[in-house]
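Engineer: The sequence shown: position 61 = 61 (our numbering), numbered continuously.
Note that beta-carbon positions come from the ideal geometry of N, C-alpha and C, so glycine has one too.
Keep in mind the model is a prediction, meaning the values are calculated, not measured.
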Amino acid sequence: MFGRAKKKAAGPRTVTLIGKPGCHLCDDARAVIEQVCAETGARWEEKDITQDEALHRAYWEQIPVVLIDGAQHTFWKVDAARLRRELLA
Numbered sequence: 001m002f003g004r005a006k007k008k009a010a011g012p013r014t015v016t017l018i019g020k021p022g023c024h025l026c027d028d029a030r031a032v033i034e035q036v037c038a039e040t041g042a043r044w045e046e047k048d049i050t051q052d053e054a055l056h057r058a059y060w061e062q063i064p065v066v067l068i069d070g071a072q073h074t075f076w077k078v079d080a081a082r083l084r085r086e087l088l089a
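(1) Which residue wins for smallest C-alpha separation from Trp76, given the options Ile33, Ala54 and Trp44?
(2) Can you grab the Cα-Cα spacing for the pair Phe2 / Asp79, in whole Å?
(3) Please name the residue, chosen from Ala71, Ile68, Gln62 and Ala89, that lies closest to Lys20 on a Cα-to-Cα basis.
(4) Can you tell me whether Gln72 is helix, strand or coil according to DSSP?
(5) What are the residues that DSSP puts in a beta bridge with Glu46?
(6) Going by DSSP, which residues form a beta bridge with Leu67?
(7) How many angstroms separate the CA atom of Ala89 from the CA atom of Val66?
(8) Give me, in chain order, the residues of the same chain whose beta-carbon lies closer than 8 Å to that of Gly41; leave out the 5 immediate sequence neighbours on both sides.
(9) What residue from Arg30, Gln72 and Pro64 has the CA that sits closest to Thr50's CA?
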C-alpha cells in the first residue's frame with residue numbers, strides 16, 4: 001500500500017504501449033489506453049519495436065505490451081477496467 005501511495009504523490013502515472021505499425025491488436029490497445037488515460041489523467045506514450053532492437057528482443061512475441069510506470073501490466077489484450085483500477089490504485 002505504501003508503494004502505491006508514493007506513486008500517486010509523485011505525479012501522473014505513465015502508460016507505455018509497445019507495439020508495431022500494422023498491428024490490429026495494437027490499434028485496439030491504443031483505443032483503450034487513450035480512453036482510460038483521458039479518464040484518469042495518466043500520461044501515455046507509444047514505442048515501436050521495429051525502431052528499438054532491445055524492445056524487439058524483449059517483447060516481439062507479446063505485442064501489444066502495456067507498461068505502467070515501466071513495469072509490465074499486460075500484453076495482447078488490454079482490459080479497460082483492469083487498467084483503470086491499476087492507474088487509480
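Structural biologist: Well, looking at it:
(1) The residue labelled residue 76 in the question sits at position 76 within the sequence shown. Of Ile33, Ala54 and Trp44, the residue nearest in Cα terms is Ile33.
(2) For this step, residue 2 is matched to residue 2 along the sequence shown. For this step, residue 79 is matched to residue 79 along the sequence shown. Bear in mind that the predicted position of Phe2 carries a pLDDT of just 36, short of 50, making it unreliable; the figure below should be weighed with that in mind. Roughly 25 Å separates the two Cα atoms.
(3) On the sequence shown, position 20 is the one that residue 20 refers to. Minimum Cα distance to Lys20 is reached at Gln62.
(4) Residue mapping note: residue 72 aligns to position 72 of the sequence shown, counting from 1. When secondary structure is reduced to three states using DSSP, Gln72 falls in the strand class.
(5) Looking up residue 46 in the sequence shown gives position 46. Among the bridge pairs identified by DSSP, Glu46 is matched with Leu17.
(6) For the purposes of this step, residue 67 is identified with residue 67 of the sequence shown, where counting begins at 1. Note: Leu67 sits in a beta bridge opposite Thr16 and Gln72.
(7) Position 89 of the sequence shown, counting from 1, holds the residue named residue 89. Position 66 of the sequence shown, counting from 1, holds the residue named residue 66. C-alpha separation (whole angstroms): 17 Å.
(8) Here residue 41 refers to the residue found at position 41 of the sequence shown. In the same chain as Gly41, and ignoring 5 residues on each side of it, the C-beta atoms closer than 8 Å to its own belong to Pro12, in chain order.
(9) On the sequence shown, residue 50 is found 50 positions in, with the first residue counted as 1. Selected option, being the one with the closest Cα: Pro64.
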